[in-house]
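Asker: So that we are looking at the same thing, I have put the structure below in structure tokens.
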Amino acid sequence: MNFDLIIVGQGLAGSLLAWRLLQRGVSVLVVDNGHRNASSRAAAGLINPVTGMRLVKTRGVEQLLPAALDCYAELEQQFGVKLYHAKPMLRLFASEREVEAWQKRYADPDYASWLGERLTSAELPAGIKGPLGGYIQPQSGYLDTNLLMCTLRHWLQQQGAWLESEIDYAEIEPHTDGVCWRDVSAQRLVFCEGYRVMDNPWFGWLPLQPAKGEILTLKPDRQPFELMVNAGKWLIPLHDGNWRLGASYDREHFDEETSEEERERLLASLNELLIDPHELELISHRAGVRSGTRDKMPLMGVHPEQSPLFSFNGFGSKGSLLIPWHGERMADYLLEGRPLPDTVDIARYQTLCH
Ligand SMILES: Cc1cc2nc3c(=O)[nH]c(=O)nc-3n(C[C@H](O)[C@H](O)[C@H](O)COP(=O)(O)OP(=O)(O)OC[C@H]3O[C@@H](n4cnc5c(N)ncnc54)[C@H](O)[C@@H]3O)c2cc1C
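The structure is reproduced here in structure tokens:
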């Protein structure tokens, strides 16, 4: 079998890159191990343009957000599914320092469209706990990442562009004109395998900072809120009436196992969000590993010595916001040779490759 390009991994990154490349007439084969290691399956899909205790805008959000919204709207139209749910977020203040951070940003014209007014604790929606009050963050929402991946997997299968298999790196043979994997040959191969890039013999030198996360889906026993609520841990009222609660951060264990301790810790965090957090029915519990990076920027580009091999990875905790815009840059780079932004090109870490 002959293809222009092989993509390893059909998480959010591999899915959207394959979709864009096929749209542009490239023949693609996506190989995925059945989403066994997909952080996209565990992800809440939140798009939250202003994050952290200092309330900092994501770098480039003015470009990234419209690209993400356009991309999901285009997919919704093509496939007749609802993927992106716009929902304002209520961010609760955890300390006086956060209140000060909000005051500073709120007075900054650069943040005018990104931060809403302060709500006192008496103005919070009924049932939500927040002694210091909070503020509304507009321009946020969540992506149904599972639906996106299922929809695109089905579409790729229909085009003969999807294969379920674990890729053993030892079976990949790059050569001067391209690359072979088993009986498949291609001109190029792009790794989109998420945190598993740690074991990749060509790209394992990239400075990944993985973080495992666990997340719960709960059945509420009360009227759903209109808003997503964030107080370090967040609660998302989903379109199907359930709630999603997450997420944990663990920088020591890199696997997809869920743990009782983490489940209990997450359930206990409801005490910080709700006035009456009595027991809620657990619908599901998932874990995944985020492929974070040292400088919090993606890892994109060609291998310094093996020209048929590429990386499209390192989207950390913000894949839903970052991948659409960067997927288009990656497609332009692969097909037209347009340079990648220096901030994401893996050439910035070339000295680490030996
Ligand atoms: C608990 C949790 C919550 C999160 N919440 C959010 C959020 O709210 N908002 C947000 O934007 N992001 C969130 N993220 C991060 C988000 O999941 C990522 O940014 C994004 O989904 C990464 O996509 P990816 O395609 O790069 O990687 P992945 O989704 O990990 O996809 C990699 C794919 O490659 C496959 N694969 C790996 N190795 C091989 C191999 N050798 N052979 C074949 N296939 C292979 C895997 O099984 C998988 O299907 C969260 C992550 C976690 C874990």
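Residue numbers (numbering that gives the first Met the number 0): 0 to 353.
Ideal placement from N, C-alpha and C gives every residue a C-beta, glycine not left out.
#1: With three or more beta-carbon pairs closer than 8 Å as the criterion, would you say the segment 39-56 touches the segment 88-103?
#2: May I ask you to check if the CB of residue 195 is nearer than 7 Å to at least one heavy atom of ligand 1?
#3: Give the straight-line distance between the Cα atoms of residue 119 and residue 341, rounded to the nearest whole angstrom.
#4: Do residue 201 and residue 29 have their beta-carbon atoms positioned less than 8 Å apart in this structure?
#5: Determine, using beta carbons only, whether residue 226 and residue 247 come nearer to each other than 8 Å.
#6: DSSP beta-bridge partners for residue 357?
#7: For residue 181 and residue 169, I'd like the C-alpha separation in whole angstroms.
#8: Counting only the same chain and skipping the five closest in sequence on each side, list residues whose C-beta sits under 7 Å from that of residue 273.
#9: For the alpha helix (DSSP H) holding residue 222, just list the boundary residues, first then last.
#10: How would you label residue 322, buried or exposed, when you count the other beta carbons within 10 angstroms and need 16 or more for buried?
#11: Between residue 199 and residue 105, what straight-line distance do the alpha-carbon atoms span, to the nearest angstrom?
#12: Just to check my reading of the structure: residue 314 and residue 297 have Cβ atoms closer than 8 Å, yes? What is that Cβ distance to the nearest angstrom?
#13: Helix, strand or coil: which one does DSSP assign to residue 36?
#14: DSSP state of residue 52, grouped into three classes?
#15: Cβ of residue 345 within 7 Å of any heavy atom in ligand 1?
#16: Note down the Cα distance separating residue 42 from residue 333, rounded to an integer number of angstroms.
#17: Bridge partners for residue 133 per DSSP, in chain order?
#18: Taking the alpha-carbon positions, what's the residue 64 to residue 218 distance?
#19: With contact counted as at least three CB pairs below 8 Å, one residue from each stretch, are the segment 249-266 and the segment 284-292 in contact?
#20: Where do the ends of the alpha helix (DSSP H) carrying residue 328 lie?
Answerer: For this structure:
#1: With contact defined as three or more Cβ pairs closer than 8 Å, the segment 39-56 and the segment 88-103 are in contact.
#2: Translated into the one-based positions of the sequence shown, residue 195 becomes position 196. Set against 7 Å, the gap from the CB of residue 195 to the closest heavy atom of ligand 1 is smaller.
#3: Reading the sequence shown from its first residue, position 120 is the one you call residue 119. Reading the sequence shown from its first residue, position 342 is the one you call residue 341. About 43 Å.
#4: Walking along the sequence shown from the start, residue 29 turns up at place 30. Walking along the sequence shown from the start, residue 201 turns up at place 202. Not in contact: residue 29 and residue 201 (Cβ atoms no closer than 8 Å).
#5: Sequence index remark: in the sequence shown, residue 226 carries index 227 (1-based). Sequence index remark: in the sequence shown, residue 247 carries index 248 (1-based). Taking a C-beta distance under 8 Å as the contact criterion, residue 226 and residue 247 do not qualify as a contact pair.
#6: The chain is shown only over 0 to 353; residue 357 falls outside these bounds and no answer can be derived.
#7: Translated into positions along the sequence shown, residue 181 becomes position 182. Translated into positions along the sequence shown, residue 169 becomes position 170. Spanning the two alpha carbons is a distance of roughly 10 Å.
#8: Within the sequence shown, the letter at position 274 stands for residue 273. In chain order, 126, 127 and 128 place their CB closer than 7 Å to the CB of residue 273, counting only its own chain and leaving out the 5 sequence neighbours on each side.
#9: Here residue 222 is taken as the residue at index 223 of the sequence shown, counted from 1. Premise fails: residue 222 is in no alpha helix (DSSP H) and is neither H nor E.
#10: As a first step, residue 322 is located in the sequence shown; it is residue number 323 there, counting from the start. By the neighbour-count rule (16 or more Cβ atoms within 10 Å), residue 322 is buried.
#11: The count along the sequence shown starts at 1 and reaches residue 199 at position 200. The count along the sequence shown starts at 1 and reaches residue 105 at position 106. One alpha carbon belongs to residue 199, the other to residue 105, and they sit about 44 Å apart.
#12: Here the question's residue 314 lines up with position 315 in the sequence shown. Here the question's residue 297 lines up with position 298 in the sequence shown. Their Cβ separation, rounded to whole angstroms, is 6 Å, which keeps residue 314 and residue 297 in contact under 8 Å.
#13: To locate residue 36, count along the sequence shown from 1; it is residue 37. Residue state, collapsed to three classes: coil.
#14: As a working note, residue 52 is residue 53 in the sequence shown. Here residue 52 sits in coil by DSSP.
#15: The residue you call residue 345 lines up with position 346 of the sequence shown. Placement of the Cβ of residue 345 at a distance of 7 Å or more from every heavy atom of ligand 1 is found.
#16: As a working note, residue 42 is residue 43 in the sequence shown. As a working note, residue 333 is residue 334 in the sequence shown. Taking the straight line joining both Cα atoms gives about 28 Å.
#17: Within the sequence shown, residue 133 is the residue found at index 134, counting from 1. BP columns for residue 133 point to 91 and 118.
#18: Here the question's residue 64 lines up with position 65 in the sequence shown. Here the question's residue 218 lines up with position 219 in the sequence shown. Spanning the alpha carbons of residue 64 and residue 218 requires a straight line of approximately 30 Å.
#19: Contact holds: three or more Cβ-Cβ distances are below 8 Å.
#20: Residue numbering aside, residue 328 sits at position 329 when the sequence shown is read from its first letter. Element bounds for residue 328: 318-335.
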